[in-house]
Amino acid sequence: GLATFEPHISQKVTITIFLGPVLALVLADWGWLIGSFVVTYICLLVRAGGSGVYAEPLTIVFFVMLVGGMALARHLTDSAIQRAEEQTWLVEQERSSLAKRVAERTRDLSEANAQLRQANQMRDAFLSSISHELRTPLNVILGSVELLREEIYGPLAERQQRALGTVEDSGRQLLGLINDILDLAKMEAGKFDFTFDLISVGDVCAQCLRIIRPQADSKGLSVRSEIDIDVGVISSDAQRLRQILLNLLSNAVKFTPEAGSIGLRAVKCDGKVELTVWDTGIGISVAEQELLFQPFSQLDNRLARRYEGTGLGLAMVAQLVSLHHGSISVESVPGHGSSFTVHLPQNQPSTGANSLRRQ
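By the working numbering, the letter at position 70 of the sequence shown is numbered 63, and the numbering carries on one by one without gaps.
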């Protein structure tokens, strides 16, 4: 039933039951309000016991559990709020830092783009200057040499003719180099003019072989051709297609020792035309093949001293082939020769006009 609280027993029980929880509540900082409320209740309970008032023990236990639960919930809630605020602060700091980094990268990118545009403008101005300042006087020199060789200004001795021939050859080589540099720069800038027409593959191949044959004959090279009659015509820029083949054939002659062989093969395969230039020359290692189509690249310094060249030829070939919507591949074995194959679509994508400008 009910328990009777006597003063001396009541005080001992109260101290024993409630002193631990009270101290725990207060010292754990679960709230001065809860701690004060508990202390006040204990004091009232002690006084009631001292006055002979009866109290239910379970009520005391329930009250202790209730107050303890409330205090614990308050403590957990405060801790959760504090952790949430800390996490929110960290997230905000990270967001602010990220936004700052993005702004810095955006500013750097804008500055880099501005510098790139300025560099492109300077390059275009430089190329325009080269076109006028170098090609124009060089053409005048070559024209004058041609007039001299034709003896317009009087007869020339054989030795003078040979000297003028050397001047003309060197001048044309320099003019070709200038033109190659200008063409490559235009292609990279997307400002290269193309005129696509239906042309005979066999005719273009025959023209290129006629042009290259004197160089091959001077080294005692045999020149072979295999032109499939089914190749027919192709949609291409005739001048640029000749430029592709002549670059490849010139390299074949240049890097093939005397008494070797070079050749040109044209076949039709799966709606495409395959043009292959092969030789029995010095060949190219697998590691060096990766550098073949990079501008101004010479694969071997010893070869650069032995074989003259700028390293622009194959870079231009790759660009021209790409502008024809084609591809180029190479197979080579050092000491046994090389084979370059150009894959071109027989029909170019419709442009609505025969003349277009790649931009």
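C-beta atoms are modelled at their ideal positions from N, C-alpha and C, and glycine is treated no differently.
The alpha helix (DSSP H) with residue i in it runs from where to where?
i    : result
V332 : According to the sequence as given, residue 332 is Ser; it is not Val. Segment 330 to 338 is the beta strand (DSSP E) holding S332; no alpha helix (DSSP H) there.
V246 : 231 to 247
A150 : Note, A150: premise wrong, no alpha helix (DSSP H); not H, not E.
P130 : 129 to 142
S315 : 306 to 316
E281 : 279 to 282
If residue i sits next to residue j, beta carbons under 8 Å apart, how far is it from one beta carbon to the other, in whole angstroms?
i    : j    : result
T334 : S315 : Contact flag wrong, Cβ pair sits at about 15 Å.
E355 : V260 : Past the boundaries of the shown model lies residue 355; the chain is included only from -6 to 352, so the question cannot be answered.
R217 : G256 : 4 Å
I192 : Q339 : Actually they do not touch by this definition, with Cβ atoms about 11 Å apart.
S215 : S254 : 5 Å
V246 : A199 : Not quite, the Cβ-Cβ distance comes to about 17 Å (not below 8 Å), so this is no contact.
M309 : N240 : 6 Å
S325 : Q287 : About 16 Å; that fails the 8 Å criterion.
G225 : V194 : 7 Å
T269 : S332 : 6 Å
L337 : H317 : 5 Å
L120 : Q236 : The pair is not a contact, with the Cβ atoms about 19 Å apart (cut-off 8 Å).
L149 : L141 : 7 Å
F185 : Q341 : Incorrect: roughly 15 Å between the Cβ atoms, too far for contact.
C201 : L238 : 4 Å
S278 : P207 : The pair is not a contact, with the Cβ atoms about 31 Å apart (cut-off 8 Å).
Kindly examine the ligand PLP and report whether one of its heavy atoms sits closer than 7 Å to the Cβ of residue i.
i    : result
T188 : As for the ligand PLP, it is missing from this structure, which has no ligand bound.
Sort out for me which residues DSSP pairs residue i with in a bridge.
i    : result
W271 : G256, S332
K265 : C262, P338
V326 : G330
E219 : R258
V226 : S193
S320 : H336
Which first and last residues belong to the beta strand (DSSP E) in which residue i is found?
i    : result
D190 : 190 to 193
Taking 8 Å as the CB-CB limit, is residue i close to chain B?
i    : result
N132 : Among the chains of the structure shown, chain B does not appear; only one protein chain is present.
Between the segment 208 to 223 and the segment 175 to 188, do at least 3 Cβ pairs fall closer than 8 Å? The segment 208 to 223, when compared against the segment 175 to 188, does not touch it at the 8 Å Cβ threshold.
Are three or more beta carbon pairs between the segment 273 to 287 and the segment 232 to 243 nearer than 8 Å? No, the segment 273 to 287 is not in contact with the segment 232 to 243.
What are the start and end residues of each continuous beta strand (DSSP E) run of 3 or more residues lying completely inside the segment 155 to 212, in chain order? The segment 155 to 212 contains these whole beta strand (DSSP E) runs: 185 to 188, 190 to 193.
For the pair the segment 131 to 138 and the segment 160 to 169, tell me if three or more CB-CB distances fall below 8 Å. Yes, since at least three Cβ pairs between the segment 131 to 138 and the segment 160 to 169 fall closer than 8 Å, the two stretches touch.
I'd like the ranges of any beta strand (DSSP E) spanning at least 3 consecutive residues and lying wholly in the segment 93 to 119. Here no run is fully enclosed.
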